[in-house]
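K.L.:
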Amino acid sequence: MGRRNNKGTPIHGWMVIDKPLGMSSAKVVAEVKYKTGAAKVGHGGTLDPLATGLLPIALGEATKTSAWAMDGSKTYTFVIHWGRSTTTEDAEGDVVETSDVRPSPAQTEAALVHFIGDIEQMPPAFSALKIDGERAYKKARRGEKVELKSRTVTIRSLKVLKYIDNDHTEFEAECGKGTYIRSLARDIALHLGTVGHIAVLRRTRVGPFEIKQAISLDSLNDLGHNYALNSYLLPVETALADIPALPLTGPQAERLHQGQTVRVLDAPDGPCLAMADGKAIALATVDNGEVKPQRVFNL
Numbered sequence: 214m215g216r217r218n219n220k221g222t223p224i225h226g227w228m229v230i231d232k233p234l235g236m237s238s239a240k241v242v243a244e245v246k247y248k249t250g251a252a253k254v255g256h257g258g259t260l261d262p263l264a265t266g267l268l269p270i271a272l273g274e275a276t277k278t279s280a281w282a283m284d285g286s287k288t289y290t291f292v293i294h295w296g297r298s299t300t301t302e303d304a305e306g307d308v309v310e311t312s313d314v315r316p317s318p319a320q321t322e323a324a325l326v327h328f329i330g331d332i333e334q335m336p337p338a339f340s341a342l343k344i345d346g347e348r349a350y351k352k353a354r355r356g357e358k359v360e361l362k363s364r365t366v367t368i369r370s371l372k373v374l375k376y377i378d379n380d381h382t383e384f385e386a387e388c389g390k391g392t393y394i395r396s397l398a399r400d401i402a403l404h405l406g407t408v409g410h411i412a413v414l415r416r417t418r419v420g421p422f423e424i425k426q427a428i429s430l431d432s433l434n435d436l437g438h439n440y441a442l443n444s445y446l447l448p449v450e451t452a453l454a455d456i457p458a459l460p461l462t463g464p465q466a467e468r469l470h471q472g473q474t475v476r477v478l479d480a481p482d483g484p485c486l487a488m489a490d491g492k493a494i495a496l497a498t499v500d501n502g503e504v505k506p507q508r509v510f511n512l
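For the sequence shown, the working numbering assigns the number 214 to the initial residue and increments by one for each residue that follows.
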């Protein structure tokens, strides 16, 4: 299907896509840009090609808030395939180790407490982390040794959803920025005296974005008018749900939009989202009653 809007059309907001299996996040961004004609498009957190689920797409001025989406907590459902570890720690890689050990439901439940809270995690060799300026996965694909440093990540919750069969168990995890679910699955298996890899991975939440808000890429083919596109858009400020809103008057908003500082009463110090007449004006900081713009929205 052709582009539904003229190239470079000023479209601002968030679109939540249910990423299909096998497609990269960058490809999804390119598809959305092509089908909407938006001038600027980005995403709020990469998903592996073999993962499905929620991929927030920022259009226009919403791209200025992408970092807040990336920093938000995320929820995943995933299936561990017990007894096989792979080069990539998911179903795409070659099997490198096998085990006949299968954890019981009771053993699995008891193990999860060890992975809740702040934990040390070694990222997978097949990851987008950089080593001497090069992505780790590129080195791994060439068969080179990949040496990454462990790092502290936060697992807010972790539970079993379903014992599918002797070889597969489904989990749900809520985690903080930088967590690799592939590494979590690997480490759970090792803790249980076996090996394992991710067989299925699906993201269901990123910060304030939820999977129930998501649409398929195919549904964008049905857009025939701008109002149809707008029905899929969430406001620019959606990713900023955790930042307190600061209401301004019209004149105050105008000055802030021009990069000037304004004074307010009874506003707590710290970051804020300056709003006027229900519209986002700027990301700003308050310091002793003085509001300074940091990122101005041109809406």
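Ideal placement from N, C-alpha and C gives every residue a C-beta, glycine not left out. Fair warning: this is a prediction, and the values are worked out from it, not measured in the lab.
Is any heavy atom in the ligand GTP found nearer than 7 Å to the beta carbon of E305?
P.N.:
The ligand GTP is absent from the structure shown, which contains no ligand whatsoever.
K.L.:
Per DSSP, what kind of secondary structure is M236 in: helix, strand or coil?
P.N.:
In this structure, M236 counts as coil in the three-state DSSP scheme.
K.L.:
With H, G and I counted as helix, E and B as strand and the rest as coil, what does DSSP make of R216?
P.N.:
Confidence at R216 is low in this model, with a pLDDT of 48, below 50, so its placement is unreliable and the value that follows should be read with caution. Three-state result, R216: coil.
K.L.:
Where do the ends of the beta strand (DSSP E) carrying E310 lie?
P.N.:
Taken as a continuous stretch (DSSP letters only), the beta strand (DSSP E) holding E310 covers 308-311.
K.L.:
So the beta strand (DSSP E) S298 belongs to, where does it begin and stop?
P.N.:
Counting along the chain, the beta strand (DSSP E) containing S298 begins and ends at 297-299.
K.L.:
Pull up the DSSP beta-bridge partners for F384, would you.
P.N.:
The partner list for F384 (beta bridge, DSSP) reads F291, V373.
K.L.:
Give the range of the beta strand (DSSP E) segment to which P484 is assigned.
P.N.:
Note, P484: beta strand (DSSP E), 483-489.
K.L.:
Where do the ends of the alpha helix (DSSP H) carrying P460 lie?
P.N.:
Element bounds for P460: not the alpha helix (DSSP H) but the beta strand (DSSP E), 458-460.
K.L.:
Kindly list the residues whose CB is nearer than 6 Å to the CB of A156, restricted to its own chain and excluding five residues on each side of it in sequence; keep chain order.
P.N.:
No information on residue 156 is available, as it lies outside the stretch 214 to 512 that the chain covers here.
K.L.:
Going by DSSP, what residues sit across from G272 in a beta bridge?
P.N.:
Residue identity differs from the one stated: residue 272 is Leu in this sequence, not Gly. Answer is G226, V254.
K.L.:
Have a look at M283, T299, A386, L447 and flag the residue whose alpha-carbon is nearest the alpha-carbon of R415.
P.N.:
Looking at the Cα atoms, A386 is the closest of the given residues.
K.L.:
Just how far apart, CA to CA, sit K492 and Q507?
P.N.:
Cα to Cα, the separation comes out at about 16 Å.
K.L.:
Would you decide whether V326 is buried or exposed? Buried here means 16 or more other CB atoms lie within 10 Å of its CB.
P.N.:
Exposed, because fewer than 16 other Cβ atoms sit within 10 Å of the Cβ of V326.
K.L.:
So, under 8 Å CB-CB, F291 and V475 are touching, yes? Tell me the CB distance rounded to an integer number of Å.
P.N.:
So it is not a contact: roughly 47 Å between Cβ atoms.
K.L.:
Can you tell which of V509, R354, K253, K343 has its C-alpha closest to the C-alpha of K362?
P.N.:
Closest by alpha carbon: K343.
K.L.:
Tell me, please, which residues DSSP counts as bridged to E322.
P.N.:
Its beta-bridge partners do not exist; DSSP assigns none.
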